[in-house]
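The structure appears below as structure tokens.
There are 2 protein chains.
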Amino acid sequence: MNIGEIARRAGVSRSTVSYALSGKRPVSEETRRKIQRVVDELGYRPSASARALANGRTSTLGLVFPPAGNHYTGMQLDFIGSVVEAAAAYDYDVLLSPSGVDSDRSFQRLLGERRVDGAILMEIRLEDDRVDHLSALAFPSVAIGRTARPEGAWWVGLDHTALVERCVHHLADLGHRRIAFVNRPEQLLRTGYESAHRGLEGFTKAAAERGLTVRTYCCGDDADSGQTCVERILHDDPATTALVTLNEAALGGLYRGLARAGRHVPRDFSVTGVVAGRWAETVTPQLTAADVPAAEMGRLAVDLLVERLDHPDAPPRHHLLTPPISLRASTGPAGARPDTDTGTDTAR
Amino acid sequence: MNIGEIARRAGVSRSTVSYALSGKRPVSEETRRKIQRVVDELGYRPSASARALANGRTSTLGLVFPPAGNHYTGMQLDFIGSVVEAAAAYDYDVLLSPSGVDSDRSFQRLLGERRVDGAILMEIRLEDDRVDHLSALAFPSVAIGRTARPEGAWWVGLDHTALVERCVHHLADLGHRRIAFVNRPEQLLRTGYESAHRGLEGFTKAAAERGLTVRTYCCGDDADSGQTCVERILHDDPATTALVTLNEAALGGLYRGLARAGRHVPRDFSVTGVVAGRWAETVTPQLTAADVPAAEMGRLAVDLLVERLDHPDAPPRHHLLTPPISLRASTGPAGARPDTDTGTDTAR
DNA sequence: TTGAAAGCGTTACCAT
DNA sequence: ATGGTAACGCTTTCAA
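So the sequence lines, in the order shown, correspond to chains A and B.
Read in order, the letters of the first sequence are residues 1 to 348 in our numbering.
Read in order, the letters of the second sequence are residues 349 to 696 in our numbering.
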């Protein structure tokens, strides 16, 4: 079933059918109805490929996210979901590309074969070849996160530095003096992940300001690593009374490690960090944290990208978000005697 | 940059370039090299739209998953990730469609506009209009899950009935006599979600076989609902000593509710169910559960779909998976005295 | 208000 | 082994 067939049955030309359907030029009410009847009868829909070929637009957005090798986090899930829904509202479809770098086959296909009109990039690194590549090509894209030099770029990001600073100040205000920082995996830090770097930066800065004794750790994106990490922390400095983390996937393990070590949250150990709200609420006690507004960020990214596609010459825009800390139940005043002997280590 | 330009520069015809690139007909080593040089120099890649229009194949798979209104679960994330990676291995891209029913605009676009060569459907219902629609159209698709009458269809599914039965038997073997079943939200049950129905069926059957006293509950897909659900369970029958659940998203809340009620897992309350392994390990104590092999299922679905696309007349195939229960730390022998007084209700 | 026809960039059939 | 040329199904300019 193609447009010619519709034209034939409606007794009009193909161009008239096209215009009747797109509304790009006036069509008499009568012929429009005639056409619509045939279209409805046959359930006709124009072929996306043909249309894309003819007008150069695919009505598809690319969503570039890292391959599954890195465990996915709940946050990423929320991004994907909100991007897809926001795009659907603009009648855009979303094509997924599991690409960490711009040399990925999938990434090359996306651009080289012109499969999408624009792209949204997740998991930005401070020096990101995908971003560079795209901007060199002047290819319409929006980053979720910002590179080291975000000027002139389109992005929506989180102010991880400020967020983590706030976490530290919150803990310092509660009297904590010895705090640990649980970052994302070392490999991600080495690769230059934005959140890992800026978070660490905020941590270091705020800790210095408050004159705190701190240690920083990298931690795998899974529960086991979280548990191990806590063991290291308490081994390195048993007097540690709080931690702040960016590592959502390790959260459950962090809690478990603390429990195993006989530390009660929040009575004698406080935990906070930057985590998507939904996931902060699955742990007990619920996590006091800066809630990553993943859904909102996905939506904003789509809004920005669509705007950029509609107005190719629009000046670069961005959104830097700094959500407040949601006070829940995982932080409390320091002061309880840290349980330095290892006797309770065997507690179930 | 198009194929004509390449042809011109290489001093050959467009068809020769096409054949040199696709290998669909022999090309002399010399011209092939000449062409390849030009292609590499200019970084030429054939346009996906033009190619799709010409040969009728988009090299794109559709992944139909429910809209975000229903909270996403970790399991779904694992599916999406594994489908995308498996597809990439076959050089297919994945187009996401957030569609609950076949009347969704997004779903209609996917099919009507012929945007994809085949589709993978998530979150199957026992009576599923999308499945019916697709099979009526003889459109190549594979379901993750199976409908009430899966004969003649392509799918990969989990034997929820058997899985939940096993959970019940496991608990019964441990001496539990009063068990609760925590299902997915009522709305999903009403809509006919496969896992919710078959899981419930397995629960009822096994409970009858073992002569257990049971109650079944629906529970929202979030931690708060889980907590509330436990309160209801213990209110309805304080002598309940175990529960089995399909509700991954509520798991954290279930644990919290139990802790609040002063029930220690697994000493005086056992928890088990069907949950993706990664998520079963984030709670403390780690959940003894039938691990949903989400990644494997995604991969299998892609394998099946690609096979179906390559061999249009291949007979229907499917995979029914019954992963074993992974014994972790959340179940134990019944017998501890349930703490029926409400005094501990105020425990932090 | 409508129609005719020229693309859009490939692929694949028919020749040579 | 290679070239010419019709499709593929739409959009859009140009004419009327």
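Note that CB positions come from ideal geometry on N, CA and C, so glycine has one too.
Practice task
For arginine 393 of chain B, go through chain A and note every residue whose CB falls closer than 9 Å to its CB, in chain order.
Solution key: Gln108, Arg109, Leu111, Gly112, Glu113, Arg114
Exercise for the section: Assign arginine 494 of chain B to one of two classes, buried (16 or more other C-beta atoms within 10 Å of its C-beta) or exposed (fewer than that). Expected result: buried
Exercise for the section: Quick one: list the residues of chain B neighbouring valine 84 of chain A, beta-carbon separation under 7 Å, in chain order. Expected result: Leu444, Pro446
Handout entry: chain B contact for threonine 60 of chain A (CB, 9 Å cutoff)
Key = yes
Practice task
Could you work out which residues of chain B lie near tyrosine 72 of chain A, taking near to mean beta carbons separated by less than 8 Å?
Solution key: Leu425, Asp426, Gly429
Exercise for the section: Would you list the residues sitting across from glycine 43 of chain A in a DSSP beta bridge? Expected result: In DSSP, glycine 43 of chain A forms no bridge with anything.
Exercise for the section: Establish whether the CB of tyrosine 603 of chain B and some CB of chain A are separated by less than 9 Å. Expected result: yes
Handout entry: Contact set for alanine 677 of chain B: own chain, Cβ-Cβ below 6 Å, skip 5 residues either direction
Key = Pro633, Gln634
Handout entry: Collapsed DSSP secondary structure at isoleucine 492 of chain B in the structure displayed
Key = strand
Problem - Top-ranked residue by Cα proximity to valine 464 of chain B, from A:Ser49, A:Thr216, A:Phe107 - result: A:Ser49
Handout entry: Inter-residue spacing [alpha-carbon to alpha-carbon] between alanine 89 of chain A and leucine 675 of chain B
Key = 44 Å
Exercise for the section: Check each candidate in B:Ala682, B:Leu668, B:Pro672, B:Gly680 and name the one with the smallest Cα separation from glutamate 499 of chain B. Expected result: B:Leu668
Exercise for the section: Give a yes or no on whether the minimum CB-CB distance between glycine 600 of chain B and chain A is below 9 Å. Expected result: yes
Practice task
Please state whether DSSP places serine 366 of chain B in a helix, a strand or coil.
Solution key: helix
Exercise for the section: Please decide whether alanine 48 of chain A counts as near chain B, where near means a Cβ-Cβ distance under 9 Å. Expected result: yes
Practice task
Would you kindly check if the distance between the Cβ of alanine 638 of chain B and the Cβ of isoleucine 581 of chain B is under 9 Å?
Solution key: no
Exercise for the section: Find out if the Cβ-Cβ distance for the pair alanine 87 of chain A, valine 274 of chain A is shorter than 9 Å. Expected result: no
Practice task
Compile a chain-ordered list of the residues in the region 631-645 of chain B whose CB is closer than 9 Å to at least one CB of chain A.
Solution key: Val631, Thr632, Pro633, Gln634, Ala643
Exercise for the section: Consult DSSP for aspartate 341 of chain A and reduce its assignment to one of helix, strand or coil. Expected result: Legend: pLDDT at aspartate 341 of chain A = 43, less than 50; position of this residue unreliable, no value from coordinates given.
Problem - chain B within 9 Å of proline 185 of chain A, Cβ atoms only - result: no
Handout entry: Reduced DSSP secondary structure (H/G/I, E/B, other) of alanine 276 of chain A
Key = strand
Practice task
Give a yes or no on whether 9 Å exceeds the smallest Cβ distance from arginine 676 of chain B to chain A.
Solution key: no
Problem - Proximity of leucine 648 of chain B and valine 592 of chain B at Cβ, strictly below 9 Å - result: no
Exercise for the section: Output the boundary residues of the alpha helix (DSSP H) element that contains aspartate 291 of chain A. Expected result: Counting along the chain, aspartate 291 of chain A falls outside any alpha helix (DSSP H), though it belongs to the beta strand (DSSP E) covering 288-292.
Problem - Cβ-based burial, histidine 160 of chain A [other Cβ within 10 Å; buried from 16] - result: buried
Exercise for the section: Could you check if arginine 604 of chain B is buried or exposed, using at least 16 other CB atoms within 10 Å of its CB as the buried criterion? Expected result: buried
Exercise for the section: Would you mind reading off the limits of the alpha helix (DSSP H) that contains alanine 403 of chain B? Expected result: Reading the sequence as shown, one finds asparagine at residue 403 of chain B and not alanine. Residues 396-403.
Problem - Proximal residues of chain B, C-beta to C-beta of leucine 53 of chain A below 7 Å - result: Ser397, Ala398, Leu401
Practice task
Answer yes or no: do proline 323 of chain A and leucine 174 of chain A have a C-beta to C-beta separation smaller than 9 Å?
Solution key: no
Problem - Residue range of the beta strand (DSSP E) that includes cysteine 566 of chain B - result: 561-566
Problem - Boundaries (first-last residue) of the beta strand (DSSP E) holding histidine 667 of chain B - result: 666-669
Exercise for the section: Would you mind telling me which residues of chain B sit closer than 8 Å to aspartate 93 of chain A, beta carbon to beta carbon, in chain order? Expected result: Leu443, Leu444, Ser445, Ser454, Arg457, Leu458, Arg463
Exercise for the section: If I'm right that threonine 564 of chain B touches phenylalanine 617 of chain B with Cβ under 8 Å, what's the distance once you round it to whole angstroms? Expected result: Actually they do not touch by this definition, with Cβ atoms about 17 Å apart.
Practice task
Compare the C-beta of glutamate 5 of chain A against all C-beta atoms of chain B and say whether one is closer than 9 Å.
Solution key: no
Problem - Test: leucine 411 of chain B CB closer than 9 Å to a CB of chain A - result: yes
Problem - Neighbourhood of alanine 242 of chain A by C-beta distance below 6 Å, restricted to the same chain and skipping five residues each side - result: Leu171, His176, Ile179, Ser270
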